[in-house]
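Going by our numbering, the residue at position 345 of the sequence shown is 858; the numbering climbs one at a time, nothing skipped. Have a look at the structure below before the remarks.
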Amino acid sequence: MLFTCGISCSNPLHSHGRRSAALAAGSRKATTAIKPKAKKPTATSALVVDVHCHHFNTSVAQKAAVIDPMQHEFTHIFSNDLTREVNFKQVRDRAPQLSDIPTRIRDMDKMGVDVQVVSPAPFQYYYFAEPDFGLELSKSVNDGIANVVAQFPKRLVGMGTVPLQNAKLAIKELERAVNVLGLKGVEIGTNVNGKDLTDPSLGLDAFFAKAEALGAVLFMHPNGFSHAERLKDHYLNNIIGNPLETTIAVSHLIFDGFMKRFPKLKIILAHSGGYLAHYWARMDHGHKRPDVRTVITTKPSKYLEKFYFDTITFDPAMLQSLINRFGVDHVMLGTDYPYDMGETDPVGLISSVPKLSRADAKMVMGGNAQKLFKLKL
C-alpha cells in the first residue's frame, strides 16, 4: 500500500505514472518525487483539501504489541510470503511519511495540497482487542492525532478511531474525540472482526445515531478482505479485496436500513466507494425481487447517493463517471497518502477530467471538504 516507481527507479519517492506525458504541459502539477515545490494549479484559487490520508502512531503500536496485532490483520493473514516481505519493506521505507509531520508537510507542498484530513492507519483500529484495552488504544491514537493537528492547525485536520467492538465505549470515545479533542469525526472499518457493521450483536445502530446527532463525519476505510483465501497472491487482497470490503459494508448499510434510519449521516467512502459506485444499477435491478425489499422499498441507489466519495479512481474517465452519477458536490479529493495504492498527483487527476468546469474542479479539490468538515482555516 505504498508508493511504487518505474522498474529502473531506485528512489521510493519518485512517481512514473501513465498520465505524466499527457499532463506535462502543466495540468499535472505535483508528485511525491523530490523536486521544487510546484506552483498552485491555475484551476484552484481555493484550498486544496485531501480527505484521505493516514498517520501511524508508533508509541501506540508499541503499547499494542502485547496482543500481537499482525496475527489479527486480514492483510497479513491473507497474503503470500512475497507480499508480506514487500509490505514489511514498504512500511519500513515509508515510516517518515507515516509518522514524521515535517516530512508530511513537505510532501503536501509537492503535491499541491494545502490541507490534509488525517485519519489513523487502518491497522490501528484494534477492533480485536479486549474492549477496555481497545478503548485505551483508541484514546491514545486520538490523542496523538489531536497533538499532530495542534502542531500545524492551518495544514492538518484530525479524524479519530473508536472501539467498535463495544458500542457503548465507541460512543463514549466518539463524544470525547469530537467534543473534547476537536476532531471532525472518526475513521471506521468495514467490519468488526468479520461481523458486518449492521450485525445486531454489535448494537452499532446506537453508534450511528450518535454520529448523526453530533454531525460527526465518518470515513469508511477497509483493511483487507475478511474472507480472502483466494486473494493471497498478487496483492489481490488489497487490489480487489479493499474495494470489495467497502462494497459489502455499504450494501449492508443500505439494504439493512441504516441509511434509511439515519438519513443525515455523513459518510465518506474510501477508494471512490468500491465497486458499488460504478455498478450501482445492478442493485436497483435486483431490488425488484421480494427478498431484496424486506427492509427498504426505495431504490438502493437513492441511499447510495447520500454517501461521499474520494477521487481515487486512477483514471479521468472513471472519475468523470463518478462525478456525473453522484454529483460534483459528493466527490472529494483523496490520495491515500502515503500508501502505494494511493494517488500521487490528485490535482493533476482532477484537472484531466474532460469537460469539468473550473468551478466544479474547485469543489472537488477542496470546496466540498471545506463545507462538509466546516473548515475555518
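In this text, a Cβ means the ideal position worked out from N, Cα and C, and glycines have one as well. This one's a predicted model, so the numbers in the text were calculated from it and none came from an experiment.
One alpha carbon belongs to Val626, the other to Ile863, and they sit about 13 Å apart. Between Val675 and Ser714, the C-beta spacing is not below 8 Å. Per DSSP, Phe732 is not a residue of any alpha helix (DSSP H); the beta strand (DSSP E) it occupies stretches across Val730 to Met733.
For Ser632, the enclosing beta strand (DSSP E) has its first and last residue at Val628 to Pro633. Checking the DSSP bridge columns, you'll see Ile684 has no partner listed. Under the three-state reduction of DSSP, Gly671 is assigned to strand. By the C-beta density criterion, Arg607 is buried, having at least 16 other C-beta atoms within 10 angstroms. In the three-state scheme derived from DSSP, where H, G and I count as helix and E and B as strand, Asn704 is classed as strand. Restricting attention to Asn600, His765 and Asp620, the CA atom closest to the CA of Leu717 is found in His765. Burial is judged here by how many other beta carbons sit within 10 angstroms of a residue's own beta carbon; Gly707 has fewer than 16 and is exposed. Shown here for Glu725: same chain residues with a beta carbon closer than 7 Å to its own, the five before and five after excluded, namely Phe775, Lys777 and Leu778 in chain order. Ile780 has Leu731 as its beta-bridge partners, per DSSP. Comparing alpha carbon positions, the residue from Leu560, Asp563 and Leu611 closest to Ser572 is Leu611.
Segment contact: the region 838 to 858 against the region 799 to 810, fewer than three CB-CB distances shorter than 8 Å; contact not assigned. For Tyr821, the enclosing beta strand (DSSP E) covers residues Tyr821 to Asp823. Annotation: the continuous beta strand (DSSP E) that includes Asp563 extends over Val562 to His568. Boundaries of the alpha helix (DSSP H) harbouring Val604: Asp594 to Asp606, taken from the DSSP string.
In this chain, Tyr639 is not harboured by any alpha helix (DSSP H), its DSSP state being neither H nor E. Taking a 10 Å sphere around the C-beta of Glu598, we find fewer than 16 other C-beta atoms and assign the residue as exposed.
With at least 16 other beta carbons inside 10 angstroms of its own, Lys697 counts as buried.
Secondary structure at Tyr850: strand, using DSSP grouped into helix, strand and coil. For the 8 Å CB-CB criterion, Asp873 and Gly847 do not form a contact. Straight through space, the alpha carbons of Phe732 and Leu669 are spaced by roughly 16 Å. The beta-carbon distance between Ala680 and Ala719, rounded to whole angstroms, is 5 Å. This is short enough to meet the 8 Å contact definition.
As the crow flies, the alpha-carbon of Met672 is around 7 Å from that of Val630. Taking a contact as a CB-CB distance under 8 Å, the pair Cys566 and Asp849 counts as one, their CB atoms being some 7 Å apart. Within the DSSP secondary-structure output, Val699 pairs in a beta bridge with Gly673 and Leu731.
Rounded to whole angstroms, the Cβ separation of Thr826 and Leu835 is 6 Å, and the two are in contact under 8 Å.
Sorting Pro756, Ile658 and Leu789 by C-alpha distance to the C-alpha of Ile767 places Leu789 at the top.
Counting only runs of 4 or more residues that sit fully inside the region 794 to 832, the alpha helix (DSSP H) segments are 813 to 817, in chain order. Residue burial annotation: Phe601 is exposed, with fewer than 16 other C-beta atoms found within 10 angstroms of its C-beta. Your pair Thr703 and Thr616 does not check out as a contact, with CB atoms roughly 29 Å apart and the cut at 8 Å.
Comparing alpha-carbon positions, the option among Ile614, Ala577 and Lys887 lying closest to Glu649 turns out to be Ala577. When the Cα atoms are used, Ala683 and Leu677 turn out to be separated by approximately 5 Å. For Val844, DSSP records a beta bridge to Phe822.
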